[in-house]
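Colleague:
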RNA sequence: GGAGAGGUGACCGAGCGGCCGAAGGUGCACGCCUGGAAAGUGUGUAGGGGGUUAACGCUCCCUCGUGGGUUCAAAUCCCACCCUCUCCGCCA
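Residue numbers (the working numbering): 373 to 798.
1) Per DSSP, what are the beta-bridge partners of residue 726 in this structure?
2) Report the residue from 737, 414, 625 and 503 whose alpha carbon sits nearest the alpha carbon of residue 575.
3) Could you have a look at residue 691 and say whether DSSP puts it in helix, strand or coil?
4) Identify every residue that forms a DSSP beta bridge with residue 645.
5) Taking the beta carbon of residue 344 as the centre, do at least 16 other beta carbons fall within 10 Å, making it buried, or is it exposed?
6) Given residue 734, which residues of its chain have a CB within under 6 angstroms of its CB, disregarding the five upstream and five downstream residues?
7) Which residue comes first and which comes last in the alpha helix (DSSP H) that contains residue 365?
8) According to DSSP, simplified to helix, strand and coil, what is residue 548?
9) Judging by CA-CA distance, which residue of 406, 539 and 446 is the nearest neighbour of residue 422?
10) Have a look at residue 653 and residue 397 and give me their C-alpha separation to the nearest angstrom.
11) Could you check the C-alpha separation between residue 605 and residue 761 for me, to the nearest Å?
12) Between the C-alpha atoms of residue 474 and residue 433, what's the straight-line distance to the nearest angstrom?
13) Have a look at residue 644 and residue 615 and give me their C-alpha separation to the nearest angstrom.
14) Round the Cβ separation of residue 449 and residue 426 to the nearest angstrom and send it over; I've been treating them as touching at under 8 angstroms.
15) Considering just the uninterrupted stretch of the alpha helix (DSSP H) at residue 411, what are its terminal residues?
16) Going by DSSP, what residue range makes up the alpha helix (DSSP H) through residue 595?
17) Looking only at its chain, what residues have a beta carbon closer than 8 angstroms to the beta carbon of residue 603, apart from the 5 residues adjacent to it on each side?
18) Cβ of residue 513 within 8 angstroms of Cβ of residue 648?
19) Would you say residue 535 and residue 651 are within 8 angstroms of each other, going by their C-beta atoms?
20) Output the boundary residues of the alpha helix (DSSP H) element that contains residue 390.
21) Using the C-alpha atoms, what's the distance from residue 612 back to residue 601?
22) How would you write the range of the alpha helix (DSSP H) that residue 624 sits in, first residue to last?
23) If you count every other CB in all the chains shown that lies within 10 Å of the CB of residue 769, and 16 or more means buried, which is it?
24) Which residues in the same chain have their Cβ closer than 7 angstroms to the Cβ of residue 671, if we skip the five residues on either side of it in sequence?
25) Would you tell me roughly how many angstroms separate the C-alpha atoms of residue 813 and residue 680, rounded to the nearest one?
26) Could you check what DSSP says for residue 665 in three-state terms: helix, strand or coil?
27) Quick one, are the C-beta atoms of residue 799 and residue 678 less than 8 angstroms apart?
28) To the nearest angstrom, how far is the alpha carbon of residue 630 from that of residue 684?
29) For residue 565 versus residue 626, is the C-beta spacing smaller than 8 angstroms?
30) Can you list, in chain order, the residues of its chain whose CB lies under 8 angstroms from that of residue 555, leaving out five sequence neighbours each side?
31) Comparing C-alpha positions only, which one of 793, 787, 469 and 777 sits nearest to residue 506?
32) For residue 730, I'd like the list of residues in its chain whose CB is within less than 6 angstroms of its CB, leaving aside the five on either flank, ordered along the chain.
33) Going along the chain, which residues of its own chain have a beta-carbon closer than 8 angstroms to the beta-carbon of residue 383, five neighbours each way excluded?
34) Counting only the same chain and skipping the five closest in sequence on each side, list residues whose C-beta sits under 8 angstroms from that of residue 621.
35) In the DSSP output, what is residue 524 paired with across the bridge?
36) Is the separation between the beta-carbon of residue 524 and that of residue 540 shorter than 8 angstroms?
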């Protein structure tokens, strides 16, 4: 959520930023909501002041024993109190209206973000590794998964439905190996603290990260509760410090978390229906940072580097693109997507998304810090990125490391995590 | 699921109708002390919002888990809900 004061003082700038994003923004409506709220607050506070002064006076009269004056004053005060009660509803309406308006406004894009309409306008900023030249027709991961009997989509559909996977044998072990490998690298070499959060979170947490109220349709809700299945560890992990004031000395705080992720994928019918690229449930190792505003963009660079390092260790070719204004997520000020090479599609596919949200989430979730020299608490900047999506990493390994007979070589770095297995065979 | 106890500032903890945004302590900041540090010592130190101001500031309102209620007046009384702890039951 943007700061209403910031919006009020930079109305044109905000309108321009929203235009770059392709997001509707009614600055006239903002202005009238803002002013309405201020007027009501002023009126209520004047009445409250009157009541407080009168109440004190009433106490004095009682002590002095002037019963007549006290009774008269009490009658007056009762009228004032009633008026305040009448206005209470107006006030909360005005507050809610403004808040609701602002909750629907996406973050301002950072100045370094290219202006553009959609993914075609994203800009490549890094490319690593050479896509392998196959001396044969490479198979896709669905076929490989069947041949090796490690991914069973038919039975998963029986158990649950479409867009679910059943991993078996070395497939299940590969998934587990990748989770452990990623967590080990991030915790031992990149300085993140491992956390294992709840896989459900309440609506307040979802509002904190910006998933609610706008994107309820993307979530699975647990019936009869206020809980939703998490679509990413970003939600529970960012909310670790909701409503807290952190010590500036502790920043940046860096967490790495493995969780499954649950997404309804509403509106993606017909998209990536084959295979395990797009699932209702998938595993992911997520990186989350709480940083001081001065250093948050440096932290975004290092977080992104921490994520693509996994791909380098796994010898998987990738590229990094910076998303343009029109392609960025709702809460993000700047996003890098890391895309891994997928031979069967002859293209790079997103495997990680690394974003700086600046104070957008921190304001919603009230996550602040106090600087070493004391002073007022300031909002932290929050960042996160996948490090990495595990299912898509499996896809990349199977397809990039396949042999003509359908067997798959395990990347060297992963062999210890596979219990010494160097190759998946039939 | 049943019975009980409790949720107060960055943290611990007192207060149980007006003199309480809140004693005391810890932490933190600044100063004294010291060759330097520790110890000691003095002072200060909640958050959010409105008005006003170029700004420093001044001023008002709200906040003692959350939301209602009683009252001229609520941290304090009543109701509902959430969370934590203890005991019993059940359970992995």
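Even for Gly, the Cβ is constructed at its ideal location relative to N, Cα and C.
Modeller: The structure says:
1) 708 and 757
2) 737
3) strand
4) According to DSSP, residue 645 bridges with nothing at all.
5) Only positions 373 to 798 of the chain appear in this structure, which leaves residue 344 out of reach.
6) 751, 752 and 754
7) This structure does not reach residue 365, given that the chain is present from 373 up to 798, and the question cannot be answered.
8) helix
9) 446
10) 34 angstroms
11) 11 angstroms
12) 47 angstroms
13) 39 angstroms
14) 5 angstroms
15) 399-436
16) Segment: none, residue 595 is in no alpha helix (DSSP H) and carries neither H nor E.
17) 583, 590, 591, 633, 634 and 635
18) yes
19) yes
20) 383-393
21) 16 angstroms
22) No alpha helix (DSSP H) holds residue 624; DSSP gives it neither H nor E.
23) buried
24) 624, 661, 663 and 755
25) The requested residue 813 is not part of the displayed model; the chain covers only 373 to 798.
26) helix
27) In the structure displayed, the chain extends from 373 to 798; residue 799 sits before or after that span and is not available.
28) 20 angstroms
29) yes
30) 566, 628, 630 and 657
31) 777
32) 705 and 753
33) 399, 402 and 403
34) 744
35) 538
36) yes
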